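> Keeping their order, the protein sequence lines are chains A and B. Sequential numbering from 186 applies to the first sequence in this note's numbering. Sequential numbering from 52 applies to the second sequence in this note's numbering. Using N, Cα and C, we set each Cβ at its ideal position, and we do this for glycine too. Computed from a predicted structure; not experimentally measured. Provided herewith is a single structure, encoded as structure tokens, for subsequent inquiry.
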Amino acid sequence: MAAGLPHPLTYSVIIDEKLGLGLPPHVYYMWMAMIILLTCALMLRGRLQLVPGGMQNVFETAIGGLEDFTVANLGEEGRRVFPFLCSMFIFILVMNYIGLIPGCDAATANVNTNAAMALCVFLYYNYIGIKKWGFGYIKHFMGPMPALAPLMLVLETVSHIARPLSLTLRLFGNIRGEEIVLVLLFVLAPVLGTLPMYFLFILGKTIQAFIFFMLTMIYLKGSLEHAH
Amino acid sequence: MLFSNQGKPSGAMEILSTAGTIGLQLVTATFVGLAMGYFLDEWLGTSPWLLIVFLLLGIVAGFRDVFLEARRIQRRSEGDHGAESGPRGSDPK
Numbered sequence: 186m187a188a189g190l191p192h193p194l195t196y197s198v199i200i201d202e203k204l205g206l207g208l209p210p211h212v213y214y215m216w217m218a219m220i221i222l223l224t225c226a227l228m229l230r231g232r233l234q235l236v237p238g239g240m241q242n243v244f245e246t247a248i249g250g251l252e253d254f255t256v257a258n259l260g261e262e263g264r265r266v267f268p269f270l271c272s273m274f275i276f277i278l279v280m281n282y283i284g285l286i287p288g289c290d291a292a293t294a295n296v297n298t299n300a301a302m303a304l305c306v307f308l309y310y311n312y313i314g315i316k317k318w319g320f321g322y323i324k325h326f327m328g329p330m331p332a333l334a335p336l337m338l339v340l341e342t343v344s345h346i347a348r349p350l351s352l353t354l355r356l357f358g359n360i361r362g363e364e365i366v367l368v369l370l371f372v373l374a375p376v377l378g379t380l381p382m383y384f385l386f387i388l389g390k391t392i393q394a395f396i397f398f399m400l401t402m403i404y405l406k407g408s409l410e411h412a413h
Numbered sequence: 052m053l054f055s056n057q058g059k060p061s062g063a064m065e066i067l068s069t070a071g072t073i074g075l076q077l078v079t080a081t082f083v084g085l086a087m088g089y090f091l092d093e094w095l096g097t098s099p100w101l102l103i104v105f106l107l108l109g110i111v112a113g114f115r116d117v118f119l120e121a122r123r124i125q126r127r128s129e130g131d132h133g134a135e136s137g138p139r140g141s142d143p144k
């Protein structure tokens with residue numbers, strides 16, 4: 186817990202005492218999300234079928250839909266950056282949902298996890314832009330008019346640096362707020378109070394993961410398309 | 052519910068997430084401008100001029116972000132209704 190209301194009891198504290206590593210809770214819950222995703226992926230890879238059934242069907246529908254959405258927004262180039270976008274979305278979604286399990290805390294309710302992911306996004310879309318445009322990528326920072334270019338250079342730099350910060354703070358604020366509300370309602374009215382909130386928070390957590398995905402897509406669009 | 056039409060993110064999901072993004076850019080851009088001004092001042096020893104200039108630039112950058120975001124939403128909603136109501140406005144871009 187960074188600050189604010191401490192979680193009453195998390196499994197990670199118990200695991201940490203057993204292992205004696207002295208790591209903060211969000212690291213354990215991130216590992217948990219990674220284990221869940223890797224297990225799902227390996228299980229699916231083992232029995233891929235031409236006619237999908239069960240879990241393969243669910244994943245194919247969700248990922249196919251997201252790919253269509255990305256290609257509709259980014260064009261055919263979207264297929265090249267789609268693996269990054271989609272793994273980001275699924276990873277954040279699983280980490281968010283883990284926060285809903287009693288005794289677990291969302292890894293995204295800690296600034297450090299989100300800052301790491303937002304920095305990855307920042308470096309990735311700039312890398313894609315530089316790879317595509319070479320030195321001409323600087324035109325993306327210049328704005329439409331040559332006379333205003335020095336001013337626009339500073340303005341764009343400020344707004345580009347603000348992007349990872351706002352990604353971090355948005356995800357952290359929403360998920361942390363939801364965790365605090367859950368703890369507070371659990372203190373007030375143990376099961377009765379928290380159960381209705383679960384429906385709201387499943388929606389909220391899905392939307393937050395989707396916002397991260399959509400903003401990453403918009404930033405990638407900005408670095409892929411021609412500058413003005 | 053949210054991935055209704057053949058797994059595609061539904062319109063409601065897109066609108067909700069767009070609404071969730073507006074506003075925070077304004078705050079973060081202001082703070083980034085403030086921090087840049089503060090550290091440039093410490094480095095160059097020109098207190099407090101660069102702080103003021105970069106704070107203003109940060110506020111302008113934040114407003115510009117919100118403006119561009121609003122224009123993006125407007126263009127998308129025009130794209131949705133464009134078929135029935137014909138071209139509206141004369142945005143050159």
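For the candidate residues A:MET273, A:LEU350, A:VAL339, A:ASP290, whose alpha-carbon lies nearest to that of PHE395 of chain A?
For the purposes of this step, residue 395 of chain A is taken as the residue at position 210 of the first sequence. The shortest C-alpha separation from PHE395 of chain A is found at A:MET273.
> Have a look at A:ALA303, A:GLU202, A:GLY284 and flag the residue whose alpha-carbon is nearest the alpha-carbon of LYS390 of chain A.
Looking up residue 390 of chain A in the first sequence gives position 205. Closest option to LYS390 of chain A, Cα to Cα, is A:GLY284.
> To the nearest angstrom, how far is it from the Cα of VAL256 of chain A to the Cα of MET402 of chain A?
Counted from its first residue, the first sequence places residue 256 of chain A at position 71. Counted from its first residue, the first sequence places residue 402 of chain A at position 217. Computed Cα separation, rounded: 10 Å.
> Quick check on DSSP: helix, strand or coil for VAL376 of chain A?
Locating residue 376 of chain A in the first sequence gives position 191, where the first residue counts as 1. In this structure, VAL376 of chain A counts as coil in the three-state DSSP scheme.
> Take ALA412 of chain A and list the residues in its own chain whose beta-carbon comes closer than 6 Å to its own, dropping the five residues that flank it on each side.
Here the question's residue 412 of chain A lines up with position 227 in the first sequence. Result list for ALA412 of chain A: LYS324, HIS325, in chain order.
> Compute the beta-carbon to beta-carbon distance between ALA121 of chain B and LEU340 of chain A, rounded to the nearest angstrom, for a pair I have assumed lies under 8 Å.
Position 70 of the second sequence, counted from the first residue, corresponds to residue 121 of chain B. Position 155 of the first sequence, counted from the first residue, corresponds to residue 340 of chain A. The pair is not a contact, with the Cβ atoms about 17 Å apart (cut-off 8 Å).
> I'd like to know whether the C-beta of ALA112 of chain B is nearer than 8 Å to at least one C-beta of chain A.
As a position in the second sequence, residue 112 of chain B is number 61, starting the count at 1. Yes - at least one Cβ of chain A is within 8 Å of the one on ALA112 of chain B.
> Below 6 Å CB to CB, which residues in the same chain sit around ALA63 of chain B once its five sequence neighbours on both sides are set aside?
Along the second sequence, one-based indexing puts residue 63 of chain B at 12. Around ALA63 of chain B: no qualifying Cβ.
> How big is the Cα-Cα spacing for PHE114 of chain B and PHE386 of chain A?
One-based indexing of the second sequence puts residue 114 of chain B at position 63. One-based indexing of the first sequence puts residue 386 of chain A at position 201. C-alpha separation (whole angstroms): 30 Å.
> Quick check on DSSP: helix, strand or coil for GLN241 of chain A?
Numbered from 1 along the first sequence, position 56 holds the residue referred to as residue 241 of chain A. Here GLN241 of chain A sits in helix by DSSP.
> Restricting to Cα atoms, I'd like to know which of A:LEU400, A:CYS289, A:SER408 is closest to ALA270 of chain A.
Start at 1 with the first residue of the first sequence, and residue 270 of chain A comes out as number 85. The question names Ala, yet the displayed sequence has Leu at residue 270 of chain A. It is A:LEU400 whose Cα lies nearest to the Cα of LEU270 of chain A.
> For THR298 of chain A, which three-state DSSP category applies?
The residue given as residue 298 of chain A occupies position 113 in the first sequence. Here THR298 of chain A sits in helix by DSSP.
> What residue from A:LEU259, A:LEU350, A:ASP253, A:PRO329 has the CA that sits closest to MET302 of chain A's CA?
Residue numbering aside, residue 302 of chain A sits at position 117 when the first sequence is read from its first letter. Closest option to MET302 of chain A, Cα to Cα, is A:LEU350.
> So, at 7 Å on beta carbons, what are the nonlocal neighbours of VAL83 of chain B in its own chain, with the 5 sequence-adjacent residues on each side left out?
Taking the first residue of the second sequence as 1, we reach residue 83 of chain B at position 32. Taken in chain order, the residues that qualify are GLY109.
> In three-state DSSP terms, what is PRO329 of chain A?
Numbered from its first residue, the first sequence carries residue 329 of chain A at position 144. The answer is coil: DSSP assigns PRO329 of chain A none of H, G, I, E or B.
> Can you find a heavy atom of the ligand NAD that lies under 7 Å from the Cβ of GLY319 of chain A?
As far as ligands go, the structure on display features none, and thus does not contain the ligand NAD.
> What residues of chain B sit near VAL339 of chain A, judged by a beta carbon separation below 7 Å?
Position 154 of the first sequence, counting from 1, holds the residue named residue 339 of chain A. The contacting residues are LEU108.
> Tell me which residues share the same chain as VAL266 of chain A and place their Cβ nearer than 6 Å to its Cβ, disregarding the 5 neighbours each side in the sequence.
Residue mapping note: residue 266 of chain A aligns to position 81 of the first sequence, counting from 1. Result list for VAL266 of chain A: LEU405, in chain order.
> Can you give the beta carbon distance from ILE277 of chain A to SER408 of chain A, rounded, assuming they're within the 8 Å contact cut?
Here residue 277 of chain A refers to the residue found at position 92 when the first sequence is read from its first residue. Here residue 408 of chain A refers to the residue found at position 223 when the first sequence is read from its first residue. Going by Cβ atoms, the distance from ILE277 of chain A to SER408 of chain A rounds to 21 Å, so no, they are not a contact pair.
> Roughly how far, in whole angstroms, is the beta-carbon of ILE392 of chain A from the beta-carbon of LEU67 of chain B, given that I think they are within contact range, below 8 Å?
Within the first sequence, residue 392 of chain A is the residue found at index 207, counting from 1. Within the second sequence, residue 67 of chain B is the residue found at index 16, counting from 1. With 8 Å as the limit, ILE392 of chain A and LEU67 of chain B qualify as a contact, their Cβ atoms being about 5 Å apart.
> Tell me whether the beta-carbon of ILE200 of chain A lies closer than 8 Å to the beta-carbon of TYR214 of chain A.
To locate residue 200 of chain A, count along the first sequence from 1; it is residue 15. To locate residue 214 of chain A, count along the first sequence from 1; it is residue 29. In this structure, TYR214 of chain A does not lie closer than 8 Å to ILE200 of chain A by Cβ.
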